[in-house]
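Numbering (the numbering used here), first residue to last: 44 to 155.
Heads up: the structure comes next, in C-alpha cells.
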C-alpha cells in the first residue's frame, strides 16, 4: 500500500544487502581496473572478474558497513563509543587471513 515502507528502507532486508554487495563489487572492480592500469603490485582482479583478494575486499566492505548499522543503538546510549568499538571478528586480512580482535578499551578511552 502507499503508506508501507519500501524494502530499501530496511538495511537488513536481504535485497538491501544484495544491493550493497553489488555496489561494493562495482567499486572494487573499478579499483582493480585502475590498479592494473597503474601497475599497482596487489592483484585484486580485473574489471571483469575480482580475484579472491578482491572478493575479500567486497566482504570487508559489507562487514564494516553492517557493523556500523549494528552499533547505532549502542552509540546513542554511550557517548564514549564510536563505530571503531564494533565487534571486529568478521574483519579478515586479505593477505594473511588473520581475524581482527576487539580493542582493549573504547576508542575514545585509549591512551596515546
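For each residue, glycine too, the CB sits at the ideal point set by N, CA and C.
Since we're looking at a predicted model, the values are computed, not measured.
Handout entry: Member of 58, 105, 80, 82 whose CA lies at the smallest distance from the CA of residue 131
Key = 105
Problem - Status (buried if at least 16 other CB within 10 Å, exposed otherwise) for residue 146 - result: exposed
Problem - For residue 53 and residue 47, the rounded distance between their alpha carbons - result: 12 Å
Practice task
Evaluate residue 138 with the Cβ neighbour count: other Cβ atoms within 10 Å of its Cβ, from every protein chain shown; 16 or more gives buried, anything less gives exposed.
Solution key: exposed
Practice task
For residue 135, name the three-state secondary structure that DSSP assigns.
Solution key: strand
Handout entry: Span separating the alpha-carbon of residue 68 from that of residue 149
Key = 31 Å
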